[in-house]
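Okay, structure first, notes after.
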Amino acid sequence: MRTRPSKDIIVAIDGFSSCGKSTLAKALAKYLGYTYIDTGAMYRAVTLFFLQQKIKWQDVAEKAIADQLDKIVIEFKYNEEKKKSETYLNGENVEEEIRGKAVSDSVSEVSQIKTIRQRMVALQRRAGQNKGLVMDGRDIGTKVFPEAEVKVYMTADPEIRAQRRYDELKTKGQELSFEAVLQNLSKRDWHDTHREENPLIQAEDAIVLDNSSMNQKEQFEWVLEKIQKKLNQ
Ligand code: DC
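With the working numbering, the residue at position 192 of the sequence shown is 192, and numbering never jumps.
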């Protein structure tokens, strides 16, 4: 652990699903004493709300979507026992539920809706007002904080990502076939890169991190070096 640097910057981490973005982002935020925000969890929480309320997002007008968003409060609270930040939807801890199959199957469709993206981006920008932030997602370096001092674009071989996700789900007791995981991942990759609104693209000034054959420590050190260079400029 070390003390917070004297200069506060924004570290934007974008990339494909199951690349290990949140693991890396959390570790960096902890080391730097910065705030960490998982923007995927925000889209997942909105998706859970829509599923709970049985709202057919495909058929609903943007105005009705906006009215529903007014009813949603998303918060992150640190769980001292588990030593991790957890997502709350309208006061309820939904950390487990938003990672389940129902939300995972629908989140890429829900996160394409313009009104939802605009609302989430506004919330994300507010969270970064004072800098000192590590944020991960798909559009952080391109749309949310195009001025971020450090931008990382993460990628890895799809089969390797699917294997990591499969192993993670297995340890959580969720039995899905490897093929089903790979299929879900490919579908999300397609939606993320092809949607009209803020698609996943590499920012011109982003550094590319292909972690297909890197462990977590190697990735952490590689990015930390780039951050430290920026802090010393
Ligand atoms: O990072 P994740 O897998 O938890 O993200 C869940 C979904 O949310 C994913 O399908 C893409 C979408 N997402 C997005 O569109 N923009 C972001 N900034 C973060 C996530």
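Virtual Cβ for every residue (Gly too), placed ideally from N, Cα, C.
How is residue i classed by DSSP in three states: helix, strand or coil?
i    : result
L89  : strand
G33  : coil
I160 : helix
I116 : helix
G20  : coil
D136 : strand
I10  : strand
G15  : strand
K229 : helix
K151 : strand
K172 : coil
K26  : helix
G280 : Nothing in the structure corresponds to residue 280, since the chain is present only between 1 and 233.
E109 : helix
Q124 : helix
K101 : helix
R165 : helix
Which whole-angstrom value is the C-beta distance of residue i and residue j, which I expect to be below 8 angstroms?
i    : j    : result
S17  : R161 : 7 angstroms
L133 : Y34  : 6 angstroms
D144 : V11  : In the sequence on display, residue 144 carries Val and not Asp. Incorrect: roughly 12 angstroms between the Cβ atoms, too far for contact.
Q202 : L24  : About 17 angstroms separates the two Cβ atoms, so there is no contact after all.
T155 : G15  : 6 angstroms
L200 : D136 : Contact flag wrong, Cβ pair sits at about 12 angstroms.
E62  : T115 : 5 angstroms
R44  : V103 : 5 angstroms
L28  : I98  : No, L28 and I98 are not in contact; Cβ-Cβ is about 22 angstroms, not under 8 angstroms.
R117 : N198 : 6 angstroms
N90  : I65  : No, N90 and I65 are not in contact; Cβ-Cβ is about 17 angstroms, not under 8 angstroms.
N184 : D105 : 7 angstroms
Worksheet item: So does the region 109 to 119 actually touch the region 85 to 101, counting three or more Cβ pairs closer than 8 angstroms?
Response: Flag = no, the region 109 to 119 and the region 85 to 101 do not touch.
Worksheet item: Any chance the region 201 to 213 sits against the region 118 to 132, with 3 or more Cβ pairs inside 8 angstroms?
Response: Flag = no, the region 201 to 213 and the region 118 to 132 do not touch.
Discussion item. To test your reading of the DSSP string, which unbroken beta strand (DSSP E) runs of 3 or more residues are found completely within the region 175 to 225?
Written reply: Fully contained in the region 175 to 225 are the following beta strand (DSSP E) runs of length 3 or more, in chain order: 207 to 210.
Worksheet item: Any contact of the region 159 to 174 with the region 77 to 92, i.e. 3+ C-beta pairs under 8 angstroms?
Response: Short answer: they don't touch.
Worksheet item: Can at least three beta-carbon pairs, one atom from the region 51 to 58 and one from the region 175 to 188, be found at a separation below 8 angstroms?
Response: Contact between the region 51 to 58 and the region 175 to 188 is absent: fewer than three C-beta pairs spanning the two stretches fall below 8 angstroms.
Discussion item. Could you tell me which whole alpha helix (DSSP H) segments of length 4 or greater appear in the region 39 to 93?
Written reply: For the region 39 to 93, whole alpha helix (DSSP H) runs of length 4 or above, ordered along the chain, are 39 to 52 and 62 to 69.
Worksheet item: Is it true that the region 214 to 232 meets the region 39 to 49, where meeting means three or more beta-carbon pairs spaced less than 8 angstroms apart?
Response: Contact between the region 214 to 232 and the region 39 to 49 is absent: fewer than three C-beta pairs spanning the two stretches fall below 8 angstroms.
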